[in-house]
Amino acid sequence: MPSLSGAFVPPTALASQAAAAWAGGGARRVGGARRAAAAPAAAARRHSHRFPPATPAAPSLPLSTSMATAAAGDGGAPPPAPAPLGQVTLLDYGAGNVRSLENALTALGATVKWVQSPDDIASADRLIFPGVGSFGVAMDNLTARGYVPALKAYLASGKPFLGICIGLQSLFEGSDESPNVAGLGVFPGRVRRFDFAAPPAAGDHGGADGGGRGLSVPHMGWNTVALDRPSPLFAGGLAAQRFYYVHSFYVPVDAAGDGGALATTTHGHPFVAVLQRGSVMATQFHPEKSGAAGLALLRNFLTSADPAGAPPEAEAAAQRALVAAVRAGSGDGGGLAKRIVACLDVRENDHGDLVVTKGDQYDVREAPAANGDGGPGAVRNLGKPVELAARYYAAGADEVTFLNITSFRGAPLADAPLLAVLSATSTRVFVPLCIGGGIRDYTDDAGVAYSALDVAARYFRAGADKISLGSDAVYAAEAYYAAGRTGDGTSSIETISNVYGAQAVVVSIDPRRVWVASPDDTPHATLTPRDGAVGPAGETHCWYQCTVKGGREGRDLDVVQLAVAVTALGAGELLVNSMDADGQKSGYDLDLIAAVRAAVSVPVIASSGAGSPLHFGQVFDATDVEAALAAGIFHRGEVGIGEVKDWLATEGGVPVRAVGGVGGEGVPVGEVGV
Ligand code: 1PR
């Protein structure tokens, strides 16, 4: 178990040996040309701890489950309840999901104080800036509230500062995202846009993603850190962990300046993962969404006497050993892990309780005979939403999705129980949460009009990191084509994406296969199934029709048309269900998923039909999607998330985030120590 006090216990004999070898070998190597002659003494001291560069020719193997788990400790017994950690000040300006960070800090035992005025910034002892929204929105808000002078003074004060995501990017002079907006300028240089119009050069990425097309943008998911030098922030084995990133813009390593990049990561090319100059630290990833590893990093920031200083030598040696061990095992290639997503379809059962249910080809009711009265069967009840979500987090789910499957019938914001479920879940689950169902413009029974943006805002405030649009996205795509392939700015996709960013908008597609004898029989793009399947009348071709209202109504739109339209309108990720494969446990519909994957450059989540770990391997191998989702097999306990990940890591050669993490995931609130 990693120690909270900073003293590091080498996790395995392997790491111990590596530590000894490293300490005896190159532990004192200096960063050569990267050390500026005139660097201040403190900076020079830090440089003396730098790790040597990774061997360029090192193979890009996945970070092995066993190594990362071992590096993180046994993850077994729950840690003791956290001692109070004192106060931390959060700089927020009211946009996006900052509740997650507050929840994470509270769960660690910290008292959170929100900045209400410039004086609160000046009086803070430890300040965290969880920037959300775009670069321009962040800077405009800081300026409008008069925070910029106080923030600059704080950044120069030597007191610990931790920026997160936009909180990192806003430290620079400017960004491609908002070209006319000046940043804080603490670091020179600009934040750049990922541009993968052309595929990265062979070997230029971790092999987990990419292929014949460019890498997906946003960079969304769990990626590694390549630590440049030991740091108190990474005490406790964190250098071997993956963290959750979600962003379309990045800080080039050069822009961070000499020694500015405490850690880098790779998506097509290296970029800054963690920045540090003096007491100013910032992560491109979201520690509050990075499971136990992220919580451990936050705890290190809060508890280290000098989080920006050099760690004690024992800890520094342990970190060097760990980095060496990771490099030896993984080649330091980085790249996104494939995400495993647990999905919870929720609805009221016939007694009015909100339950997790699960359909077979979207039918969530038991067979009528089970009732004995000739009426419809009962809604399948597979458990309580918060409990199941927490269980999946503990088991290593990389993301949890709630789909409110009957909300199209009523008024979504009247669905207070679901908002309560989301709020409760976000205090216990520290990986990304997505919620979908019923997000659209509507008017309630009292005649009050709500926009989709209003509905989404409530979900974000309740703890969602992303929202998912189903039916409304189909209507938006139809309007897009009717208007000549353009949006008018009013669709739910556009309005929510504009305010919260594309990465916060998922489109959930509910297609069904339509068989045709010949491609000439339909205006839609057809394909011939790769497994040789034929239709009921021997048809050899099919197309995938979009549906609305939970599959109850088919539309004259195919999945590729939908995918192209919704990403043009601003969706940042697609969730591809299949009405035919749902609940069948015979594998994902590879033709369907490959067709969508090939049509877009945003991340794609494969859904419907998983029955075994092999099916996950097949979909990653055949379609190159970034994530795969399952429901039924997890709910019924037939296959565990850990089983899937172990199989992928050992048999499938697929990079995944190690299950277990630091001190175990999903420990109860009040016991989130690491
Ligand atoms: O149209 O914006 O209100 O959103 C409604 C949302 O509810 C959509 O995302 C839609 O997919 C979902 N939904 C509606 N009805 C159902 C149903 O099952 N009757 N669920 C439904 C969709 C598919 C997945 C399922 C996977 C994996 N269910 O959620 O989890 O198929 O299942 P498996 O691993 O067991 O095969 P809107």
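Numbering-wise, the working numbering puts 393 at position 393 of the sequence shown, and it's gapless, one number per residue.
Cβ coordinates follow ideal geometry from the N, Cα and C atoms, glycine included.
- According to DSSP, K113 shares a beta bridge with T89.
- When C-beta atoms of the segment 295-303 are compared with those of the segment 174-189, fewer than three pairs fall below 8 Å, so the two segments do not count as touching.
- Measuring C-alpha to C-alpha distances from V272 to each of D176, E313, F285 identifies F285 as the nearest.
- Taking the CA atoms as reference points, T264 sits about 8 Å from T224.
- Annotated as proximal: V400 and L433, with beta-carbon spacing under 8 Å.
- Secondary structure of Y459 (DSSP, three-state): helix.
- For I166, the uninterrupted alpha helix (DSSP H) run begins and ends at 166-169, by DSSP.
- Under the 10 Å beta carbon count, R552 is surrounded by fewer than 16 other beta carbons and is classified as exposed.
- DSSP, reduced to helix, strand and coil, places N103 within a helical segment of the structure shown.
- By the 16-neighbour rule on beta-carbons within 10 angstroms, W222 is buried.
- About 6 Å separates the Cβ atoms of L575 and S468, confirming a contact at the 8 Å cut-off.
- Counting the other CB atoms within 10 Å of its CB gives V346 a total of 16 or more, which places it among the buried residues.
- By the Cβ test, the segment 433-448 is in contact with the segment 387-407, since at least three Cβ pairs between them sit closer than 8 Å.
- The beta carbon of R597 sits closer than 8 Å to the beta carbons of V604, T623, D624, V625 from its chain, once the five residues preceding and following it are set aside; these are given in chain order.
- Within a 10 Å sphere around the beta-carbon of V429 sit 16 or more other beta-carbons, which makes this residue buried.
- Closer than 7 Å to some heavy atom of the ligand 1PR: that describes the Cβ of I439.
- D120 has its Cβ no nearer than 7 Å to any heavy atom of the ligand 1PR.
- In the DSSP assignment, D558 falls within the beta strand (DSSP E) that extends over 553-558.
- Around G617, the same chain offers W647, L648, E651, G652, V654 as residues with beta carbons nearer than 8 Å, after the five sequence neighbours per side are excluded.
- A residue is called buried when at least 16 other Cβ atoms come within 10 angstroms of its Cβ; A446 does not meet this threshold and is exposed.
- Here the alpha carbons of L155 and A378 stand approximately 59 Å from one another.
- Taking a cut-off of 8 Å for Cβ pairs, the segment 448-458 and the segment 113-128 do not touch, as fewer than three such pairs fall below it.
- The Cβ atoms of L90 and L168 do not sit closer than 8 Å to each other.
- One Cα belongs to P523, the other to I509, and the distance between them is close to 20 Å.
- Between the beta-carbon of L557 and that of V474 there is about 6 Å, and that keeps the pair under the 8 Å contact cut.
- Within the segment 411-443, the runs of beta strand (DSSP E) at least 3 residues long that lie entirely inside it are, in chain order, 433-436.
- With a threshold of 16 other beta carbon atoms within 10 Å, S426 meets it and is buried.
- In terms of Cβ geometry, P385 and V421 form a close pair [threshold 8 Å].
- Relative to the Cα of G642, the nearest Cα in the group A594, R512, G632, D398 belongs to D398.
- Inter-residue distance for S578 and S471 is about 15 Å (C-alpha atoms, whole angstroms).
- Here Q319 is buried. Its C-beta has 16 or more other C-beta atoms within 10 Å.
- The C-beta distance from A324 to L238 rounds to 15 Å, too long to meet the 8 Å contact threshold.
- Within the same chain, and ignoring the five residues on either side of A627 in sequence, the residues whose Cβ sits closer than 8 Å to its Cβ are G221, K338, R339, I340, V341, D398, E399, P603, V604, I605, A606.
- Within the segment 121-200, the complete alpha helix (DSSP H) segments at least 4 residues long are 135-144, 148-155, 166-169, listed from N- to C-terminus.
- Per the C-alpha coordinates, the member of R530, H269, A424 positioned closest to D254 is H269.
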